[in-house]
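Novice:
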Amino acid sequence: MSRGPELKLSTKSRVVPVTMALAGTIALAACGASNESGNAGAGGGNSSAPQLSGSLNGAGSTAQTAAMQGWSAGFSAVQPKVTVNYDAVGSGAGRTQFLAGGVAFAGSDSPLSDDEVTQAKTRCGTDGVFELPNYISAIAVVYNLPGVDKLSLKPDTIAKIFAGSIKKWNDPAIAADNSGAKLPDTAIAPVHRSDKSGTTKNFTDYLSKAAPSAWTKASADTWPFTSGEAANGTSGVVNAVKNGTGTIGYADESQAKGLGIADIGVGSTFVAPSPAAAAKVVESSQVMPGRGKYDFAYTINRTTTSADEYPIVLVSYHIGCVQNKDKTTADILKSFEGYVISPDGQQAAAKAAGSAPITDAVRAKSQTAVDAITAGA
Amino acid sequence: MTSTTPSTGSTSRAPVRRLGDRLFAGTSRGAGILIVLILAGVAGFLIVQAAPAFTAPRADVPGGHGVVAYIAPLLFGTALAAVLALLIATPLAVGVALFITQFAPRRLAQGLGYLVDLLAAIPSIVYGFWGIAWLAPRLTPFYAWLADHLGFIPLFAGPASVTGKTMFTVGLVLGVMILPIVSAISREVFLQVPSLHREAALALGATRWEMIRMAVLPYGRSGIIGGAMLGLGRALGETLAVAIVLSASGGIVTFNLISPDNPSTIASNIALQFPESTGIGVNTLVASGLALFVLTLAVNVLARAIVNRRSQFSGAN
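One line per chain: the protein sequences are A and B, in this order.
With my numbering as the guide, the letters of the first sequence map in order to residues 557 to 933.
With my numbering as the guide, the letters of the second sequence map in order to residues 13 to 329.
(1) Work out the CA separation of B:Ala91 and B:Gly143 for me, nearest whole Å.
(2) Is the stretch 751-764 of chain A touching the stretch 241-250 of chain B in the sense that three or more CB pairs, one from each, lie closer than 8 Å?
(3) Out of A:Leu707, A:Val697, A:Tyr866, state which residue places its alpha-carbon closest to the alpha-carbon of A:Val747.
(4) Would you kindly report the start and end of the unbroken beta strand (DSSP E) that includes A:Ile820?
(5) Secondary structure at A:Asp808, three-state DSSP: helix, strand or coil?
(6) Could you give the first and the last residue of the continuous alpha helix (DSSP H) run that contains B:Asn281?
(7) Taking only beta-carbon atoms, is A:Trp771 less than 8 Å away from chain B?
(8) Return the Cβ separation of A:Ala649 and A:Ala615 in integer angstroms, given the expectation that the two are a contact with Cβ distance under 8 Å.
(9) Out of A:Phe852, A:Phe686, A:Val827, A:Tyr850, which one is the CA nearest neighbour of A:Asp864?
(10) Taking B:Ile112 as part of the beta strand (DSSP E), name the residues at either end of that continuous run.
(11) Since A:Ser911 and A:Ala905 should fall inside the 8 Å C-beta cutoff, what is the C-beta to C-beta distance between them, to a whole number of angstroms?
(12) Check the DSSP bridge columns for A:His748 and list the partner residues they point to.
(13) In angstroms, rounded to a whole number, what distance separates the CA positions of A:Lys883 and B:Val257?
(14) So, with DSSP's three-state summary, where would you put A:Gly816?
(15) Taking C-beta pairs closer than 7 Å, name the residues in chain A that B:Ile264 reaches, listed in chain order.
(16) Kindly indicate if chain A contains any beta-carbon less than 8 Å away from that of B:Gln285.
(17) Can you list the residues of chain B that A:Thr801 reaches, using a CB-CB cut of under 7 Å?
(18) Any idea which residues DSSP pairs A:Asp877 with across the strands?
(19) So, are the CB atoms of A:Gly814 and A:Tyr699 less than 8 Å apart?
(20) What residue range does the alpha helix (DSSP H) around B:Val174 cover?
(21) Beta-carbon within less than 6 Å of A:Ala834's beta-carbon, same chain only, minus the 5 sequence neighbours each way: which residues are those?
(22) With a Cβ-Cβ cutoff of 8 Å, do B:Val174 and A:Thr790 count as a contact?
(23) If you count every other CB in all the chains shown that lies within 10 Å of the CB of A:Val926, and 16 or more means buried, which is it?
(24) Go ahead and label B:Leu46 buried or exposed: buried means 16 or more other beta carbons lie within 10 angstroms of its beta carbon, across all protein chains shown.
(25) Does chain A have any CB closer than 8 Å to the CB of B:Glu288?
(26) Could you name the residues of chain A that B:Ala299 contacts, counting a contact when the two beta carbons are closer than 9 Å?
(27) Please name the residues in the stretch 243-262 of chain B whose beta-carbon is closer than 7 Å to at least one beta-carbon of chain A, in chain order.
(28) Alpha carbon to alpha carbon, what distance is there between B:Ser300 and B:Asp72?
(29) Just verifying my parser: in three-state terms, what is the DSSP assignment at A:Leu707?
(30) Examine the ligand HEM and report whether any of its heavy atoms sits within less than 7 Å of the Cβ of B:Val298.
(31) What does B:Asp273 touch in chain A if you count any residue whose Cβ is under 8 Å from its own?
(32) Which same chain residues end up closer than 6 Å to B:Ala112 when comparing Cβ atoms and leaving out the 5 residues on each side of it in sequence?
(33) Rounding to the nearest angstrom, what Cα-Cα distance links B:Ser276 and B:Gly183 in this structure?
(34) In three-state terms, what does DSSP make of A:Val571?
(35) Leaving aside the five residues before and after A:Ser593 along the sequence, list all residues of the same chain whose C-beta is less than 8 Å from its C-beta, in chain order.
(36) Please confirm whether B:Ser195 and B:Ala109 have their CB atoms less than 8 Å apart.
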């Protein structure tokens, strides 16, 4: 339930230049050097990396809140005079604000709809928008079942559990996925999100594509059934799963500590959620065709059969104009997005939010979009 | 008498009005008008923003069956939670107020009064956390027992929730939240029972309970009802505590209090759905807010009417 306050990291960005200046004058070589390398790595596209000043406003996804804190802090080392404000109002509200021209970029758990892409043309001009998959996070299927430490589930089984047609833990379908395991005769209590969320949208998208026969509903950010336990936010789901017995839910992998985490059936094997496997599945996914040149909206490859890919991932985008009216905004946006997709930036998010750093192949595509950000028109 | 005749003649002229009088009259009149304007503004905003939800195709509204089908279960859930809270809180609050005013030694009474008032100062989100982290897990065995032994009563039909995030838990949390409001008002009214009434009852040989039944409760009835209605108003509008505690997936109407499938309440549903909503979704949420606005207004008007009607012939007059 993070109707997060605005992230104003201006205090931090004021501290950093002082420490940098100190580092310079007292010639603390090591410290200075590390700052330099941070600069060079983050500069990415604009190799000259001129010092900018001003502020950049974004709004949107609450899932990105923690990552955005990491990015804002890290970026203030690259551009000390720039303040990045991010208002975690939710993906839908963020996209609306961006399309209305209120903010320079939106954070969104789903790419723009076709309708919104058209609207974006009037907001951004003919070059349209860029959409960059900057925040990737594995969604773990978590459970609490005393005596069962390891659980493997095929997509069909997961779909049936969450749709309510498998009601007991010792159901033959679960037993078939876990040969040799001792499963108790406990009732299953599936827990889902009670709030609208990108996590639900990605989870139901996975179920509808990987288990189309067992899951007949379309992907939606509101849970499509009226039955089952509901809890507010990732923390609410984790809590409900922890407090109940025989519970199973879905939650951001970084928040799932202390709970049982199921391995998911991929092809003929079972894969545990991990940052590397989550980033890998985005790499193997298709960019949605027929959109702008720099519009990297992915159709996630939910039906992957590769054993090093984990298909239940949440991808949250940064959406902005390729052509910006204001020169300062364009420069700052370009520099900021360059930092975010850089290895440094992705590491900062992984540290702050437990997200999965994007792979080099995804970065190479995103970099073309960052390089294209200009002012004018 | 003779000296007053000329003075009444002088007051029949316009009374003396100093600058302060005019300022005071002006600002208080302005404040009164402002309240009406704000209320009208909120109502106008709700109506304008909600209108698209009523004219939109039914399939476009969240849930896919039109705005009435979307709001009806929410309205039901809101009323159910609030009435449940009221049923739990009112007897308890009256008991607390009676103990403080009639039974407790004066020093203890004062301290207890402060403590109960303190309950009102706790933010609702704290009640929410208390409900979900402490209360709900402790109630799950109780729910399982209810479902096993009293499952033939529709209220406890089950299957019992394993997390305790049920309508019953919500009722308990809301009950604790409105307890201080109901008890504070009841207490004030009980304190105003004329000593003569009480002493007369006791002098006629009434026991303490009979004195309370014959003198205190009839005198304080309007206060109890008024306090309960104020509490109901708070319970209807409570947002965060319900959003945290209740396991609600929307779209169902059920009196089953202990299962994981519950109707949501309007305020908590808005809090949960609004951040990720766009377009018609937002309009629909505003429309549900309008329904809550009307319901709360009706409850308050009713409370006023009851309190006013009762005060005419209650007590000392």
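The beta carbon of each residue, even a glycine, is placed where N, CA and C say it ideally should be.
Specialist: Let's see:
(1) 20 Å
(2) no
(3) A:Val697
(4) 819-822
(5) strand
(6) 278-285
(7) no
(8) 7 Å
(9) A:Val827
(10) No beta strand (DSSP E) contains B:Ile112, which DSSP labels as neither H nor E.
(11) 5 Å
(12) A:Ala786
(13) 48 Å
(14) strand
(15) Thr782
(16) yes
(17) Val174
(18) The sequence given here places Cys at residue 877 of chain A; Asp does not occur at that position. In the DSSP output, where bridge partners are listed per residue, A:Cys877 has A:Val685.
(19) no
(20) Neither: B:Val174 is in no alpha helix (DSSP H) and is coded neither H nor E.
(21) Ile692, Ala694, Tyr866, Val869, Ala912
(22) no
(23) buried
(24) exposed
(25) yes
(26) Correct list: empty, because the minimum Cβ distance to chain A is about 17 Å.
(27) Ala255, Ile256, Ser259, Ala260, Ser261, Gly262
(28) 16 Å
(29) coil
(30) Within the structure as shown, the ligand HEM is missing, as the structure has no ligands at all.
(31) Thr782, Ser783, Gly784
(32) The question names Ala, yet the displayed sequence has Ile at residue 112 of chain B. Around B:Ile112: Ala121, Leu124, Gly125, Arg199.
(33) 13 Å
(34) Any answer about A:Val571 is weak, because its pLDDT of 43 lies below 50 and its placement is not dependable; what the coordinates show is given next. A:Val571: helix per DSSP, three-state reduction.
(35) Confidence in A:Ser593 is poor, its pLDDT being 39 and thus under 50, which makes the residue's placement too unreliable to answer from.
(36) yes
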